[in-house]
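**Student:** Below you will find the structure I want to go over with you.
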Amino acid sequence: MSAIASDLPHSHFPARWAVTLALLAIAYVGVPLLGSSYLFEAILLPFLALSLAGVGLNILTGYAGQVSLGSAAFMAVGAFAAYNFNLRVDGLPLIASIVLAGFAAAAIGLVFGLPSLRLKGFYLAVSTLAAQFFVQWALTKFSWFSNDSASGVIDAPALSVAGFVFEGPVGRYYFALNVVAALTFLSYRLVNSQTGRNFIAVRDNETAARIIGVQVLKTKLLAFAVSSFIMGIAGVLWAFAYLRTVEPAGFNLDRSFQILFIVIIGGLASIRGAFFGAALIVVFPLLLSRLGSFLLGDVFDSGVLDMTQRIVLGVLIILFLILEPDGLVALWHRVRKRIGTALRRSRSQ
Amino acid sequence: MADFDWLFFIEVLVGGLLSGVMYSLVAIGFVLIYKTSGVLNFAQGAMLLFAALTFVSLTERGISFPLAFIITFGVMVFLGVAIERTVLRPLTNKPPITLFMATLGLSYVIEGAAQLLWGTQIHGLDLGIEDLPFDVGGVYISQFDIFAAVVAAGMVALLSLFFRYTRIGLGFRAVADDQFAAIAVGLRLPWIWATVWAAAGVVALVAGLLWSARVGVQFSLSLIVLKALPVLVLGGFDSILGAIVGGLLIGASEKLAEVYIGEYFGGGIEGWFAYVIALAFLLVRPSGLFGQKLVERV
Numbered sequence: 001m002s003a004i005a006s007d008l009p010h011s012h013f014p015a016r017w018a019v020t021l022a023l024l025a026i027a028y029v030g031v032p033l034l035g036s037s038y039l040f041e042a043i044l045l046p047f048l049a050l051s052l053a054g055v056g057l058n059i060l061t062g063y064a065g066q067v068s069l070g071s072a073a074f075m076a077v078g079a080f081a082a083y084n085f086n087l088r089v090d091g092l093p094l095i096a097s098i099v100l101a102g103f104a105a106a107a108i109g110l111v112f113g114l115p116s117l118r119l120k121g122f123y124l125a126v127s128t129l130a131a132q133f134f135v136q137w138a139l140t141k142f143s144w145f146s147n148d149s150a151s152g153v154i155d156a157p158a159l160s161v162a163g164f165v166f167e168g169p170v171g172r173y174y175f176a177l178n179v180v181a182a183l184t185f186l187s188y189r190l191v192n193s194q195t196g197r198n199f200i201a202v203r204d205n206e207t208a209a210r211i212i213g214v215q216v217l218k219t220k221l222l223a224f225a226v227s228s229f230i231m232g233i234a235g236v237l238w239a240f241a242y243l244r245t246v247e248p249a250g251f252n253l254d255r256s257f258q259i260l261f262i263v264i265i266g267g268l269a270s271i272r273g274a275f276f277g278a279a280l281i282v283v284f285p286l287l288l289s290r291l292g293s294f295l296l297g298d299v300f301d302s303g304v305l306d307m308t309q310r311i312v313l314g315v316l317i318i319l320f321l322i323l324e325p326d327g328l329v330a331l332w333h334r335v336r337k338r339i340g341t342a343l344r345r346s347r348s349q
Numbered sequence: 001m002a003d004f005d006w007l008f009f010i011e012v013l014v015g016g017l018l019s020g021v022m023y024s025l026v027a028i029g030f031v032l033i034y035k036t037s038g039v040l041n042f043a044q045g046a047m048l049l050f051a052a053l054t055f056v057s058l059t060e061r062g063i064s065f066p067l068a069f070i071i072t073f074g075v076m077v078f079l080g081v082a083i084e085r086t087v088l089r090p091l092t093n094k095p096p097i098t099l100f101m102a103t104l105g106l107s108y109v110i111e112g113a114a115q116l117l118w119g120t121q122i123h124g125l126d127l128g129i130e131d132l133p134f135d136v137g138g139v140y141i142s143q144f145d146i147f148a149a150v151v152a153a154g155m156v157a158l159l160s161l162f163f164r165y166t167r168i169g170l171g172f173r174a175v176a177d178d179q180f181a182a183i184a185v186g187l188r189l190p191w192i193w194a195t196v197w198a199a200a201g202v203v204a205l206v207a208g209l210l211w212s213a214r215v216g217v218q219f220s221l222s223l224i225v226l227k228a229l230p231v232l233v234l235g236g237f238d239s240i241l242g243a244i245v246g247g248l249l250i251g252a253s254e255k256l257a258e259v260y261i262g263e264y265f266g267g268g269i270e271g272w273f274a275y276v277i278a279l280a281f282l283l284v285r286p287s288g289l290f291g292q293k294l295v296e297r298v
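Structure below.
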């Protein structure tokens, strides 16, 4: 039962909030002062969107124990719903479109979460693939969703909230940061509430959870809805803040796997794990391509690079599963503990 | 529906059933591994691609078909043993979902390695079987499909005999039944797993060759996994018979749906229709057609 103990919050630990606040201060003040536009466009914006998607999937998979291979589908629903709400409802503020898009994704999530009432484990994981293929097919097939645009690629609207427009890379970064910070805080509150404990109970032992009075079906569906809501909004950020276009092709199966990898590498059942995982997934390919061109020059053409990236990513995942099954978060805990003991030792001497 | 074209219906049905056989071929590889080690091997598609690509590249370098087959056979066996050594053994006793993730990572590695090794261009493969339709009482059936069905039947027969009458097969069944009991009576689990993965590699080779002859050797071969998954869900992950029946059902209903109701959806429904069938079925029988029922204990 050690899994449960480690999932519960240590609320008597104020230093935890201090670290979070310091990170937020750096994110809000430090990064915009120092960062170049490359940093925002290529690293921070995708990082924020993917982190949020990771938080969403972690609620479903890490906390409630329902494996999903269709994350990108819910992101796509969010992105397209926000686009259509914004386009078709006159005078609807952008924030309202985004929240409604979250609810649209939650509704689709509920529908595709229904099989979880009867299916478990791999059967469920495979059935979530249905969401992936169906949503992508529907968005490509029916041009209504993309407002009959010929190429299927559409420009995202400007990010304006109450008359203030978030422009340029830094503006979009602030917009994404606000959304991610708010939703992460809410997710943190959720997983530490009774509902969050119900998720964990259902994950660890469904029958036992039912016996102690957890409404298993309701809990599972709620997990699907909440997780899809968050992933839908992550999809909005991905399309509106990062790519600036809305297209179905970006939300393919590879994206779903990517988000799953983020959760695994970062650490299951950990909100901050999603951020660790997303950081690694975003930065790692850039580093590898830099390293490749630095070491081998032009020998490293893009095809070879692509394949090498696949191989290294695969190896990395296997290594993580073998060496650090609890993810980067566990690594982080160990490092922090070690620094803590070292500090205390030096102080006592 | 007075003028319902029965001949056409049968033609579509038979075509669907035969293409279902192709799905079954892929699904059998999954079942082998799932039965004995409880792992849903997502890398099966990547193994298929790797086998087909190796075979084609060897023949293009002037090696004869039988020799290329034997070499690829050896490579797949080696690959199976290597996977057991490097990936599965360190992950023994981990939850099934961890192992599934590992095979997901593995599929990335194998796909990347296959294309890094043999290049990314598309190859054609001619097995020397003509894909001519022939006439059976007014219904046209593809000769190649028949050949594929015969190969599939042969493979299933061989596997069944192997499972039933050989010592290794008995070991497989023992491990599938109860891992701890199998270890207790002295079966060497690592060795059995290595053998199973090697066998799945060989199944991947056969399926890979047939699929390649159909669609050419290219990256999308590894996506055939996604076709095999609904078959598995429908038939049950741990039943070879289920893989066959599931494949036939999915193949037939997919083709019929595409022809008869596809137009109402604007076509292109084959990407998800199989999943919908499988899901609808599972709502009635959650462990598939022939899957084992799970008993839950607290």
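As given, the protein sequences belong to chains A and B, one line each in that order. The first sequence runs contiguously to residue 349 in full-length UniProt numbering. The second sequence runs contiguously to residue 298 in full-length UniProt numbering. Idealized CB from N, CA, C, for every residue including glycine.
If you run the structure through DSSP and keep just helix, strand and coil, what is Phe273(B)?
**Tutor:** In this structure, Phe273(B) counts as helix in the three-state DSSP scheme.
**Student:** Using a threshold of 7 Å, state whether the C-beta atoms of Ser146(A) and Leu94(A) are closer than that.
**Tutor:** No, the pair does not count as a contact, with Cβ atoms beyond the cut-off.
**Student:** For Leu58(B), return the contacting residues in chain A, with the cut-off set at a CB-CB distance below 9 Å.
**Tutor:** Within 9 Å Cβ-Cβ: nothing; Leu58(B) doesn't reach chain A, min ~20 Å.
**Student:** For Gly196(A), I'd like the list of residues in its chain whose CB is within less than 7 Å of its CB, leaving aside the five on either flank, ordered along the chain.
**Tutor:** Within the same chain, Gly196(A) has close Cβ partners Tyr63, Leu190.
**Student:** So the candidates are Ser107(B), Val87(B), Pro95(B); which of them puts its Cα closest to the Cα of Asp326(A)?
**Tutor:** Nearest C-alpha to Asp326(A): Pro95(B).
**Student:** Could you confirm whether any beta carbon from chain A is found closer than 7 Å to the beta carbon of Ala113(B)?
**Tutor:** So yes, Ala113(B) belongs to the interface.
**Student:** Which class does Ile154(A) belong to by DSSP, given the choice of helix, strand or coil?
**Tutor:** Looking at Ile154(A) - three-state DSSP - the assignment turns out to be strand.
**Student:** Tell me, to the nearest whole angstrom, how far the beta carbon of Leu328(A) is from that of Leu280(A); I am working on the premise that it is less than 8 Å.
**Tutor:** Indeed they touch by this definition, with Cβ atoms about 7 Å apart.
**Student:** Output the distance between the C-alpha atoms of Asp5(B) and Leu25(B), rounded to the nearest integer angstrom.
**Tutor:** Near 31 Å, if we compare the C-alpha coordinates of Leu25(B) and Asp5(B).
**Student:** Between Leu119(A) and Leu282(B), is the Cβ-Cβ spacing less than 7 Å?
**Tutor:** Yes.
**Student:** Quick check: the Cα distance between Ala3(A) and Ile71(B), rounded to an integer number of angstroms?
**Tutor:** Residue placement at Ala3(A) is poorly supported in this model, since its pLDDT is 48, which falls under 50; the coordinates still yield a value, given next. Approximately 47 Å between the Cα atoms of the pair.
**Student:** So which residues of chain B does Gly121(A) contact, with C-beta pairs closer than 8 Å?
**Tutor:** Under the 8 Å cutoff, chain B gives Pro96, Ile97.
**Student:** Going by the CB atoms, is the gap between Ala176(A) and residue 396(A) shorter than 7 Å?
**Tutor:** Here chain A comprises residues numbered 1 to 349, so residue 396(A) is not present and cannot be evaluated.
**Student:** Just to confirm my understanding: we take Gly80(B), look at its own chain, exclude 5 residues before and 5 after, and list those with CB closer than 8 Å. What are they?
**Tutor:** For Gly80(B), where only same-chain residues beyond five positions count, the Cβ hits under 8 Å are Ala194, Thr195, Val196, Trp197, Ala198, Ala199, Ala200, Gly201.
**Student:** Measuring CA to CA, which of Thr59(B), Val175(B), Gln218(B), Gly105(B) is closest to Leu32(B)?
**Tutor:** Among Thr59(B), Val175(B), Gln218(B), Gly105(B), the Cα nearest to that of Leu32(B) is on Val175(B).
**Student:** If you draw a straight line from the alpha carbon of Glu41(A) to that of Asp254(A), how long is it in whole angstroms?
**Tutor:** Between Glu41(A) and Asp254(A), the C-alpha separation is close to 21 Å.
**Student:** Within 7 Å (strictly less), CB to CB, does Gly303(A) reach chain B?
**Tutor:** By this cut-off, Gly303(A) is an interface position.
**Student:** Between Met47(B) and chain A, is there a C-beta pair that is closer than 7 Å?
**Tutor:** No, no contact with chain A.
**Student:** What span of residues does the alpha helix (DSSP H) with Ile183(B) cover, start to end?
**Tutor:** Taken as a continuous stretch (DSSP letters only), the alpha helix (DSSP H) holding Ile183(B) covers 179-184.
**Student:** Drop a sphere of 10 angstroms on the beta-carbon of Asn86(A), count the other beta-carbons inside from all chains shown, and report buried for 16 or more, exposed for fewer.
**Tutor:** Buried, since its Cβ has 16 or more Cβ neighbours within 10 Å.
**Student:** Taking the alpha carbon of Trp144(A) as the reference point, which residue from Leu21(A), Tyr83(A), Ser256(A), Ala27(A) has its own alpha carbon closest?
**Tutor:** Checking every option, the nearest Cα to that of Trp144(A) belongs to Tyr83(A).
**Student:** Closest to Glu324(A) by C-alpha separation, out of Ile265(A), Val304(A), Ser270(A), Ala269(A), would be which residue?
**Tutor:** Considering only alpha carbons, the answer is Ile265(A).
**Student:** Which residues in chain A have a C-beta closer than 9 Å to the C-beta of Ala204(B)? List them in chain order.
**Tutor:** None at all; the shortest Cβ gap to chain A is about 17 Å.
**Student:** Write down the C-beta distance between Ser19(B) and Gly208(B) rounded to the nearest angstrom, noting that I regard them as a contact closer than 8 Å.
**Tutor:** Contact flag wrong, Cβ pair sits at about 16 Å.
**Student:** Could you tell me which of Val109(B), Ile10(B), Ile277(B) sits nearest to Ile141(B), measuring between CA atoms?
**Tutor:** Looking at the Cα atoms, Ile10(B) is the closest of the given residues.
**Student:** Please confirm whether Pro90(B) has its beta-carbon closer than 7 Å to some beta-carbon of chain A.
**Tutor:** Output row for Pro90(B): interface = yes.
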